[in-house]
Amino acid sequence: MAQRDRARPSRLWRPRVAEQPLLTWVVDPLSETVRSQIGAVRDVVMAVHDRITVEVVLTGDHASSEHVAAGVIALLAADGATPVQAVEDVVRAHADEGMDVAKPSSFAAIAHRRSQDGEAVEIFAASDRARAMAREDRSVARDLGDPRDHALFFSGTTGVHRLPAPDRGARAVLAALEEVHPA
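Okay, here's the thing in structure tokens:
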């Protein structure tokens, strides 16, 4: 999770341990653009997950965005699945199957497919705590410039860097990442 640095308004967001590299995917799971570009994000994460911590920050301007984010947070709380895989499962359920992912019961169904406790996921997705966490994610997204659809950020000892858009492909993102964080 991220923490706020209120002393430096130009950098309101940073990882808890500045020395630990962090790749953050700010994403709106309801975005049609995300569905078409999720493969590039997955490829980037697969290439770096053993040396860089990966997190997802959920955002969106839809009336149901907070509920969708709470559901993704519930999926992530249920097991150690990668954050990108959890988002991808939700994006596919929404975009490919037409599932109303604003409903906690939809997250129960997604959880069952993932061999998770669907009832527990549904209960947490509907909770005030999950919605509060979703609002915090939205606040972090705003601190990062509130990107439309999705964006990747790298943070480490040199600060926070916005990486190229995933539509440029995994290679372009990885090349930019290598510039700010050599392996």
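Going by the numbering used here, the letters in the sequence shown line up with residues 3 to 185, in that order. For glycine and all other residues, C-beta sits at the position ideal for the given N, C-alpha and C.
DSSP three-state assignment for residue 28, whether helix, strand or coil: strand
In terms of residue numbering, what span does the alpha helix (DSSP H) encompassing residue 120 cover? Per DSSP, residue 120 belongs to the alpha helix (DSSP H) from 120 to 127.
Which residue's Cα is closest to the Cα of residue 123: 111, 130, 134? 111
From 28, 34, 38, residue whose alpha carbon lies closest to that of residue 170: 38
Where the alpha helix (DSSP H) containing residue 78 begins and where it ends: 67 to 80
Exposure of residue 68, with buried meaning 16 or more beta-carbon neighbours within 10 Å: buried
At a cut of 8 angstroms, does the stretch 151 to 159 reach the stretch 22 to 29 through at least three beta carbon pairs? yes
The alpha helix (DSSP H) with residue 41 in it runs from where to where? 34 to 50
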